[in-house]
Ligand SMILES: NC(=O)c1ccc[n+]([C@@H]2O[C@H](COP(=O)([O-])OP(=O)(O)OC[C@H]3O[C@@H](n4cnc5c(N)ncnc54)[C@H](O)[C@@H]3O)[C@@H](O)[C@H]2O)c1
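Numbering (the working numbering), first residue to last: 37 to 321.
Encoded structure:
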């Protein structure tokens, strides 16, 4: 396998934007791809504003900002998605991901490495549909990707050790810590964290306390964010989807059942920060 010199990121939503930004900042010429031109434009505006913010805070110079911009390209045409490493961060739907990876395999050479940022889909279920599954793995960033230090590298039975080694090198270059997980429901973090969310939601369902109190208690004990603030940041729909997938994959145990409160929020399109309302309100009052 070749060393990784260029990166493409597919999906310019919450995660893809942050991942593309950190790839550029880590020195990789990076192309950001999204089918939706409007989503792509929004993402570019956010990334440029973030870099300007770093200039304003004297964290980078004007020259570095220009250098970042010169390494950053974008497109809404998949045929431009050619790189040594392609990081997929599109919607959390198995068939959409399989279709995208099959297109990427068709337009890229054999030495292009392919990874998915999925939070909850089985890596093996995607690998099974690829021509060369040894060059495919999970590379799971956390939200916000520019800030969170952890990356889970997820192996299917076919993922080659050489790929994991190259991904570890990329993680180091990004200033991140990579841990390796076998392909299993929720990998490490999302499995362990289920109780953080679900037990808190259950306490609200049972009328025991308030969301503010639970967030305050957990923040006071050292968590950067309480569960309700974190669900609002992640997206209640995304968090709920992860819960459902893990619950199904582990044989529907009662202790991991997704909360009706989240289902109601999704029905009302109160998805968190991205819709300006979730457990908290983020719009102009
Ligand atoms: N949100 C989180 O906190 C978080 C954390 C870790 C991992 N993830 C994972 O990252 C992935 C993306 O999540 P997100 O929160 O950024 O989603 P998002 O909804 O914010 O963004 C998804 C983007 O993908 C684009 N897209 C959809 N289908 C596409 C296709 N076929 N080709 C190109 N672009 C396409 C959409 O236009 C959208 O811009 C998911 O797999 C999710 O499980 C999310």
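Note that beta-carbon positions come from the ideal geometry of N, C-alpha and C, so glycine has one too. Please read these numbers as outputs of a predicted model, since none were measured by experiment.
(message) Checking the sheet assignment: what are the DSSP bridge partners for residue 317?
(response) As a position in the chain shown, residue 317 is number 281, starting the count at 1. Note: residue 317 sits in a beta bridge opposite 313.
(request) Using the Cα positions of residue 78 and residue 163, report the straight-line distance between them to the nearest angstrom. (result) For the purposes of this step, residue 78 is identified with residue 42 of the chain shown, where counting begins at 1. For the purposes of this step, residue 163 is identified with residue 127 of the chain shown, where counting begins at 1. Cα-Cα distance, rounded: 31 Å.
(request) Along the alpha helix (DSSP H) that carries residue 160, what are the first and last residues, could you check? (result) Position 124 of the chain shown, counted from the first residue, corresponds to residue 160. Counting along the chain, the alpha helix (DSSP H) containing residue 160 begins and ends at 159 to 163.
(request) Over the uninterrupted beta strand (DSSP E) stretch that includes residue 175, give me the two end residues. (result) In the chain shown, residue 175 corresponds to position 139, counting from 1. Residues 172 to 177.
(message) On the criterion of 16 or more Cβ atoms from any shown chain inside 10 Å, does residue 191 qualify as buried, or is it exposed?
(response) For the purposes of this step, residue 191 is identified with residue 155 of the chain shown, where counting begins at 1. Counting the other Cβ atoms within 10 Å of the Cβ of residue 191 gives 16 or more, which makes it buried.
(message) Looking at residue 203: is its Cβ nearer than 8 Å to the Cβ of residue 184?
(response) Here residue 203 is taken as the residue at index 167 of the chain shown, counted from 1. Here residue 184 is taken as the residue at index 148 of the chain shown, counted from 1. Cβ atoms of residue 203 and residue 184: not closer than 8 Å.
(request) Evaluate residue 226 with the Cβ neighbour count: other Cβ atoms within 10 Å of its Cβ, from every protein chain shown; 16 or more gives buried, anything less gives exposed. (result) On the chain shown, position 190 is the one that residue 226 refers to. Counting C-beta atoms within 10 angstroms of its own C-beta, residue 226 has 16 or more neighbours from the protein chains shown and is therefore classed as buried.
(message) Between the alpha carbons of residue 272 and residue 89, how many angstroms are there, rounded?
(response) For the purposes of this step, residue 272 is taken as the residue at position 236 of the chain shown. For the purposes of this step, residue 89 is taken as the residue at position 53 of the chain shown. Spanning the alpha carbons of residue 272 and residue 89 requires a straight line of approximately 28 Å.
(message) Going residue by residue through the segment 212 to 255, where are the continuous beta strand (DSSP E) segments of at least 3 residues, counting only ones entirely within it?
(response) If one requires a minimum length of 3 residues, the beta strand (DSSP E) runs lying completely within the segment 212 to 255 are 213 to 218, in chain order.
(request) Give a yes or no on whether the C-beta atoms belonging to residue 45 and residue 66 are separated by under 8 Å. (result) For the purposes of this step, residue 45 is taken as residue 9 along the chain shown, with counting starting at 1. For the purposes of this step, residue 66 is taken as residue 30 along the chain shown, with counting starting at 1. Yes; because the gap between Cβ atoms is below 8 Å, this pair is in contact.
(request) Compare the beta carbon distance of residue 234 and residue 279 with 8 Å and say whether it is the shorter of the two. (result) Taking the first residue of the chain shown as 1, we reach residue 234 at position 198. Taking the first residue of the chain shown as 1, we reach residue 279 at position 243. In contact: residue 234 and residue 279 (Cβ atoms closer than 8 Å).
(request) Could you tell me whether any non-hydrogen atom of ligand 1 is closer than 7 Å to the CB of residue 176? (result) Taking the chain shown and counting its residues from 1, the one referred to as residue 176 is at position 140. Yes, Cβ of residue 176 sits closer than 7 Å to a heavy atom of ligand 1.
(request) Rank 126, 291, 101, 177 by C-alpha distance to the C-alpha of residue 112 and give the top, closest one. (result) Along the chain shown, one-based indexing puts residue 112 at 76. Among 126, 291, 101, 177, the Cα nearest to that of residue 112 is on 126.
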